[in-house]
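First the structure, in the form of C-alpha cells, and then the observations on it.
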Amino acid sequence: YSFSSVFGYEKIYIKAYPIETIIAEKLQTVYAKGFLNSRSKDYYDLHILYKLRNKEIDIPTLSKACKRTFYYRKTEFSIIKIQRFLEQIRQDTAFLKLWNNYSNKNTYVGDISFEVVIDDVIQLVNKIGECRQLIE
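Numbering follows my numbering, with no gaps: position 26 of the sequence shown is 411.
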C-alpha cells in the first residue's frame with residue numbers, strides 16, 4: 386500500500402495484508418469459534434472495516450480469500466451456515482452482555498450497539514454470498 390506523506394509529496398510504502406485477507410481471517414475465526422468466541426473485538430473489527438473501508442473491499446477477491454482461508458483452516462465455507470450462526474448470535478443474551486462489557490471498557494467503540502455490529506457483518510456476508518452465486 387502507498388500513502389502520501391503529510392509533510393510533502395513523498396510516497397510511503399507499507400507492506401500489509403490485503404484488507405480482503407484480514408476480513409476473511411476475522412470471519413473464519415468468528416465462525417469457527419462460534420459461541421465459544423468471547424472476543425467482541427473480532428466482531429468490532431469486522432464492523433469497523435466494513436464501515437470505514439467498504440468502497441475499497443473487492444468482493445470477488447474477498448470471496449476467494451474466504452474460500453482459501455476457510456479451506457486452509459479446515460473450516461467448511463457455507464454462507465448459509467454463517468448467516469444462520471450470525472442470526473443466532475444476534476439474539477444471544479450472553480453475547481450481548483459480552484459486547485456491553487467490551488464497549489464499556491473500550492471508549493473507541495462509542496455507543497455502537499451489538500445489533501448494528503452484527504447487521505454490518507451480516508451485510509458483508511450477504512455480499513460474499515451474492516458474489517459466490519455469480520461466480521459459481
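Just so you know, even glycine gets a beta-carbon here, dropped at the ideal spot from N, CA and C.
Locate the alpha helix (DSSP H) running through residue i, then write down its first and last residues.
{"i": "residue 429", "result": "425-438"}
{"i": "residue 483", "result": "478-490"}
Which class does residue i belong to by DSSP, given the choice of helix, strand or coil?
{"i": "residue 397", "result": "strand"}
{"i": "residue 388", "result": "strand"}
{"i": "residue 459", "result": "coil"}
{"i": "residue 495", "result": "coil"}
{"i": "residue 402", "result": "coil"}
{"i": "residue 442", "result": "coil"}
{"i": "residue 422", "result": "coil"}
On the CB-based measure, 16 or more other CB atoms within 10 Å of its CB, does residue i come out buried or exposed?
{"i": "residue 455", "result": "buried"}
{"i": "residue 388", "result": "exposed"}
{"i": "residue 476", "result": "exposed"}
{"i": "residue 413", "result": "buried"}
{"i": "residue 405", "result": "buried"}
{"i": "residue 390", "result": "exposed"}
{"i": "residue 465", "result": "exposed"}
{"i": "residue 437", "result": "exposed"}
{"i": "residue 548", "result": "Because the chain here runs from 386 to 521, residue 548 falls outside it and cannot be looked at."}
{"i": "residue 416", "result": "buried"}
(message) Contact between the region 492-512 and the region 419-430 is defined here as three or more beta-carbon pairs at a separation below 8 Å; is this criterion met?
(response) yes
(message) Check whether the region 393-409 and the region 448-464 touch, using three or more Cβ-Cβ pairs below 8 Å as the test.
(response) yes
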